[in-house]
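Written out below as structure tokens is the structure these notes cover.
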Amino acid sequence: MSSEVCSVEYFKNARGSKIFCHYWNKDLKSPRALAFICHGAAEHCLWYGKLALMLVDKGIFVFGHDHEGHGQSEGSRMHITNFRHYIHDVYQHIDLVKQNFPDVPVFIIGHSMGGAVSILAAMDRPEYFTGVVLISPCVTPEQDTVGPVKIFLGKLVAKIVPHCPVLWLNDEDVSRDKAICQKYKDDPLNYHGGMKAKWGVCLLEALQEIESKLPEVKWPFYVLHGDHDKMVNSKGSQALHEKATSVDKTMKIYLGGYHQLHNEIEPDGSNVREEIVNWIIQRVPK
Numbered sequence: 001m002s003s004e005v006c007s008v009e010y011f012k013n014a015r016g017s018k019i020f021c022h023y024w025n026k027d028l029k030s031p032r033a034l035a036f037i038c039h040g041a042a043e044h045c046l047w048y049g050k051l052a053l054m055l056v057d058k059g060i061f062v063f064g065h066d067h068e069g070h071g072q073s074e075g076s077r078m079h080i081t082n083f084r085h086y087i088h089d090v091y092q093h094i095d096l097v098k099q100n101f102p103d104v105p106v107f108i109i110g111h112s113m114g115g116a117v118s119i120l121a122a123m124d125r126p127e128y129f130t131g132v133v134l135i136s137p138c139v140t141p142e143q144d145t146v147g148p149v150k151i152f153l154g155k156l157v158a159k160i161v162p163h164c165p166v167l168w169l170n171d172e173d174v175s176r177d178k179a180i181c182q183k184y185k186d187d188p189l190n191y192h193g194g195m196k197a198k199w200g201v202c203l204l205e206a207l208q209e210i211e212s213k214l215p216e217v218k219w220p221f222y223v224l225h226g227d228h229d230k231m232v233n234s235k236g237s238q239a240l241h242e243k244a245t246s247v248d249k250t251m252k253i254y255l256g257g258y259h260q261l262h263n264e265i266e267p268d269g270s271n272v273r274e275e276i277v278n279w280i281i282q283r284v285p286k
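Here the UniProt record's numbering is used: the first residue of the sequence shown is 1, the next is one more, and so on.
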């Protein structure tokens with residue numbers, strides 16, 4: 001049964017889109033834990049290979065998928081009509097794998113937009129995850145750049161022309177490692193266009209929901225953020241750490257760190273990956 005599920009390259013979500021899956025150690029029969037990798041906007045799950053293989057070495061079953069409209073999954077590129085669709089797909093995939101490992105603890109690792117997906121998933125099912133790891137997560141709306149007028153105009157544009165690009169990201173802001181930036185720029189599976197109006201509104205609404213529920217966060221989490229992250233401000237991570245009522249919560253700010261901390265210049269990249277692995281292993285039941 002296990003080999004059948006974990007050889008599946010795609011599953012169909014509730015909207016009929018084929019979602020591309022990846023398993024870093026699909027033949028593992030008795031994992032210590034499950035770790036789902038939840039990638040960020042415009043990228044795909046194969047950007048997490050180094051971190052995944054370190055977890056594999058510890059006996060963790062590591063898997064992920066490309067969000068709808070991303071990477072090798074079906075769906076209009078960088079378009080969504082409801083942010084909850086991402087969360088429903090995450091649960092569909094994890095539940096599928098858990099059929100084979102019903103009593104194995106589950107961790108979720110979310111980066112950037114995938115951090116927002118992970119937070120909302122954990123808010124919906126607070127007992128579901130043994131721990132949540134958040135790398136440069138989107139947590140709260142950026143107050144410096146999103147005011148009432150911009151929100152109104154954004155929603156208006158999203159209603160009239162939902163696919164209209166409204167925001168472009170700079171590939172050079174991904175990492176201080178120039179080779180990583182070039183690889184990101186050259187990756188045909190990444191989305192290199194502008195962020196679309198409807199997608200932006202859906203993300204904003206998700207972040208507003210998260211912000212309103214931060215005191216309800218009681219589950220264990222480890223959040224990492226770079227203080228030079230130009231894509232997602234670290235203030236949201238700080239707000240999560242300050243307002244969450246979790247007994248087990250940890251935050252680390254990396255001085256000089258950019259957005260993809262797990263793919264940063266050395267030694268930071270290796271340190272980030274090692275710290276994530278150690279945090280998870282320490283919380284795997286003996």
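Built from N, CA and C at the ideal position, the CB exists for glycine as well.
Cβ neighbours of VAL174 within its own chain (closer than 7 Å, five residues either side excluded): ILE180, CYS181, TYR184, TYR258, HIS259, GLN260. Rounded to whole angstroms, the Cβ separation of PHE221 and LEU96 is 24 Å, and the two are not in contact under 8 Å. One Cα belongs to PRO105, the other to ILE160, and the distance between them is close to 44 Å. Relative to ARG283, the option among HIS79, ILE108, ALA41, GLY64 whose CA is nearest is ILE108.
Taking C-beta atoms as the reference points, ARG273 and MET54 count as a pair closer than 7 Å. Under the criterion of beta carbons closer than 8 Å, VAL217 and LEU240 qualify as touching, at roughly 7 Å. Three or more Cβ pairs drawn from the segment 109-117 and the segment 37-51 lie within less than 8 Å of each other, which places the two stretches in contact. In this model, ALA206 and SER118 are separated by some 11 Å (Cα to Cα). Here DSSP, grouped into helix, strand and coil, assigns LEU55 to helix. By a beta-carbon distance limit of 8 Å, HIS44 contacts ASN190. Their separation comes to about 7 Å. The beta carbon of LEU169 sits closer than 8 Å to the beta carbons of ALA42, MET195, MET231 from its chain, once the five residues preceding and following it are set aside; these are given in chain order. With respect to ILE19, ASP89 sits close: the two C-beta atoms are nearer than 7 Å. Counted as a single uninterrupted DSSP element, the stretch harbouring MET231 is not any beta strand (DSSP E), since DSSP gives it neither H nor E. Between the segment 54-70 and the segment 246-254, the count of C-beta pairs closer than 8 Å stays below three; the two stretches do not touch.
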